[in-house]
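K.L.:
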Amino acid sequence: MGRVNKPRMAMPALVALATLAAPSAGLLGAHPASAAPPSPAAAEASAAAKAPAAAEAPAAAKAPAATEAPAATSPSSAAKAPAAPQGKAAHRSKDSVLVTGTGQVSGKPDTLSVNLGVEISAASVADAMSRANAAATRMRDALVKTGVEKVDLQTSDAGINPQRNDKGDITSYTVNQGLTAKIRNLPKAGATISAAIAAGGDAARLSGATFLIEDDAALLAEARKKAFADARAKAQLYAREAGRLLGRVIRVSEETPSYGRPYGQDMASALKAAADSAVPIEPGRQQLSVTVTVEWAFGKA
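Mind the numbering: the sequence shown is residues -35 to -1, 1 to 266 in mature numbering (1 follows the signal peptide of the UniProt record, and there is no 0), read in order.
1. By the DSSP assignment, the beta strand (DSSP E) with Lys147 in it spans what residues?
2. How is Ala123 classed by DSSP in three states: helix, strand or coil?
3. Below 8 Å, how does it come out for the segment 63 to 76 and the segment 119 to 129: are there three or more Cβ pairs, yes or no?
4. Excluding the 5 residues preceding and the 5 following Ala200 in the sequence, name in chain order all residues of the same chain whose CB lies nearer than 8 Å to its CB.
5. Contact defined as beta carbons within less than 8 Å: I believe Val255 pairs with Ala183. What is the distance between those atoms, to the nearest angstrom?
6. Is the number of C-beta pairs between the segment 93 to 102 and the segment 149 to 156 that are closer than 8 Å three or more?
7. Measure the CB-CB distance between Gln69 and Lys191 and report whether it falls below 8 Å.
8. Identify every residue that forms a DSSP beta bridge with Asn80.
9. Based on the DSSP secondary-structure assignment, which residues constitute the bridge partners of Thr65?
10. Just mark Leu253 as buried or exposed, buried being the case when its beta carbon has 16 or more other beta carbons within 10 Å.
11. Spell out the partners DSSP gives residue 274 in its beta bridges.
12. Hey, how far is the Cα of Pro127 from the Cα of Ala88?
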């Protein structure tokens, strides 16, 4: 038999072939379209590896900067800082004088405000309302007929109240309506009120009247002048006694003007006179008062 020749390729030749094949695989892997997708296990491992790094970034961004230590304040410097004056205390700390002055004047009322009304009781609300409305309309028409302007008439109140017996059962209903009238023709005020009450009949009511000074602009101006002069006289007195001069005005405030009751005829007499149209109502005179508070700065002596 002839001798069979065995392959003589050694191990180094196989390694060389493997080495030559490796770069070709790398070159093929450079193309994304031919790259094999990673396995699910590999994707989970990659995400787990990246998670801590992503979490650390916001934590590092949110970490507060080192807080600076507050500057130490010595007790002596804190005690020396005075509190800023507030409100009236700030004004009192000024080198000034604060006084109050009052001015009073009197004038003759030019208007009489009368509180009229009607009151009706009936077994039903509808009946009471109907009769009350009719009586109030008659009174309103009578006032207008005697010279009262419609703009000077105003409904002041209205109500419906049930009337009950001892057992608590409703027996009737009472309806009331109020009407305020401003009478500017005072010499005819008595006749005007009498006409309104006569028109309302037994349902008519008269609960009061008040004298007014509607045109009080001139009186208010005079009262304010007197109030300021009174305040200045007091301030000058205090400045003189203190050996100082009176400087500029710092501030002025005024209280709401007040009106006193008319004198010369009381309201009871006025209402009594109103029942008789032949007796005129005398308004007398009414006092008006203004109070001001003024602060002056002291000047140099």
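For every residue, glycine included, the Cβ atom is placed at its ideal position computed from N, Cα and C.
P.N.:
Put simply:
1. 135 to 148
2. strand
3. no
4. Val62, Val64, Leu211, Val259, Trp261
5. The pair is not a contact, with the Cβ atoms about 13 Å apart (cut-off 8 Å).
6. no
7. yes
8. Thr145, Gly173
9. Thr258
10. buried
11. An answer regarding residue 274 cannot be provided, because it is not within the stretch -35 to 266 covered by the chain.
12. 10 Å
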